[in-house]
Amino acid sequence: MKPWIQSARIYDSSSRQAVVTHAEGTNLQISIHLDDEMETQNLVFFHNASRIRDFSGSIIVDSKSNRLFNLTVYEASGKIDGSVKMSTGFGSDTIHTFTAYVSDLHAANRSMIIPLPAIVGQGARTICLRADSMADIDSICHVIEYFETPLEIDLVEGKWHEMVGSCPTCNQISFNGMMKFLNPAHWIKGISSIGDGVMIATDIVVYLGVLIILYLLITKIIYPLVQCFVCPVSLCCKGGSSSRRKKEKKKEERRRRSPEPQDTLARYHHGTSSDRFYSSSEYI
Numbered sequence: 001m002k003p004w005i006q007s008a009r010i011y012d013s014s015s016r017q018a019v020v021t022h023a024e025g026t027n028l029q030i031s032i033h034l035d036d037e038m039e040t041q042n043l044v045f046f047h048n049a050s051r052i053r054d055f056s057g058s059i060i061v062d063s064k065s066n067r068l069f070n071l072t073v074y075e076a077s078g079k080i081d082g083s084v085k086m087s088t089g090f091g092s093d094t095i096h097t098f099t100a101y102v103s104d105l106h107a108a109n110r111s112m113i114i115p116l117p118a119i120v121g122q123g124a125r126t127i128c129l130r131a132d133s134m135a136d137i138d139s140i141c142h143v144i145e146y147f148e149t150p151l152e153i154d155l156v157e158g159k160w161h162e163m164v165g166s167c168p169t170c171n172q173i174s175f176n177g178m179m180k181f182l183n184p185a186h187w188i189k190g191i192s193s194i195g196d197g198v199m200i201a202t203d204i205v206v207y208l209g210v211l212i213i214l215y216l217l218i219t220k221i222i223y224p225l226v227q228c229f230v231c232p233v234s235l236c237c238k239g240g241s242s243s244r245r246k247k248e249k250k251k252e253e254r255r256r257r258s259p260e261p262q263d264t265l266a267r268y269h270h271g272t273s274s275d276r277f278y279s280s281s282e283y284i
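Throughout the sequence shown, residue numbering follows UniProt numbering, covering 1 to 284 in sequence.
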């Protein structure tokens, strides 16, 4: 069976009648040739002609903001062409066109839903339908009412939900996964060009800079502040005085090692030349 044929069945084998329903396109051309050369036999051909007697419907906007044309056609079959007007005037401009199809062989009443674009705004408007073989001037037009359902706000769907990926291990945080990204061999695994290498090198330099800044921040600012808050005041003061004593001790050692002359105080005792002596100030 050809792809453009939806179904085909024999309607009456004795009268050589067949019903063919096409799946694609709007025009179908069928040629039938008789093998019998007798001229007394007649060929009767039935086809699904486009026709419509009347219609009714309404424009509906549901809670999900979908615009739909709820259409019911009466005694219709085949292809039905429709047009949506800008306003309720029959002579107003057409803003949207659509096509409906009734697959019944004989004319029947059918209901269907026709999607409408967002250009079809609020308010009632004129919609016209016509059979495929009818002229535009012979279209059947009606003023269609507009109904709008309040917007549904689902607070549950607005929250974050933890979803599972297409594979069982997708989007899972584990120790092995973290160690894989810390492995330098994994960094250079995906390098396929010079640009990728430059990008990896830049990332490494940035990471090292961040680690150095973090180390200095902890050792020079955070740790001393924590130490001051944790230790008692007396110990902090003691530690300060001990450091001050160390500085003074170093200063005294430097002063003693300096070659400057020492001031001494001596006393002269009268007597013989043999009794003359100088005594240093440490004996006074």
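Cβ coordinates follow ideal geometry from the N, Cα and C atoms, glycine included.
Please report the distance separating the alpha-carbon of residue i from that of residue j.
i	j	result
L208	I221	19 Å
F147	F98	20 Å
I204	S174	23 Å
D263	K247	Residue placement at D263 is flagged as unreliable, the pLDDT there being 48, under the threshold of 50; the coordinate-derived value follows with that caveat. Near 25 Å, if we compare the C-alpha coordinates of K247 and D263.
residue 342	Q227	Here the chain comprises residues numbered 1 to 284, so residue 342 is not present and cannot be evaluated.
S193	M199	10 Å
K189	H96	56 Å
V84	A108	23 Å
Q6	L105	14 Å
R130	I10	30 Å
V210	K251	40 Å
L217	V230	18 Å
G197	H186	13 Å
Y223	C167	45 Å
Among the candidates the options, whose CA atom is the shortest distance from the CA of residue i?
i	options	result
S63	I204, E152, G91	E152
G82	S50, T202, A8	S50
V102	P224, E75, R67, P115	E75
residue 285	L71, C228, I200	Past the boundaries of the shown model lies residue 285; the chain is included only from 1 to 284, so the question cannot be answered.
V73	S58, S87, S65, R67	S58
A135	I200, L217, I52, S56	I52
S87	V143, F69, V61	V143
P150	R67, R9, R256, Q6	R67
V61	G91, V20, S111, G123	G123
A100	D93, T219, S111	S111
D54	R254, D138, R256, R255	D138
Bridge partners for residue i per DSSP, in chain order?
i	result
Y146	I59
V20	A8
L151	In DSSP, L151 forms no bridge with anything.
L68	I60, P115
D54	Y74
Enumerated in chain order, which unbroken segments of the beta strand (DSSP E) with a length of 3 residues or greater are wholly contained in the region 70 to 140?
-> 78 to 85, 94 to 102, 108 to 115, 125 to 131
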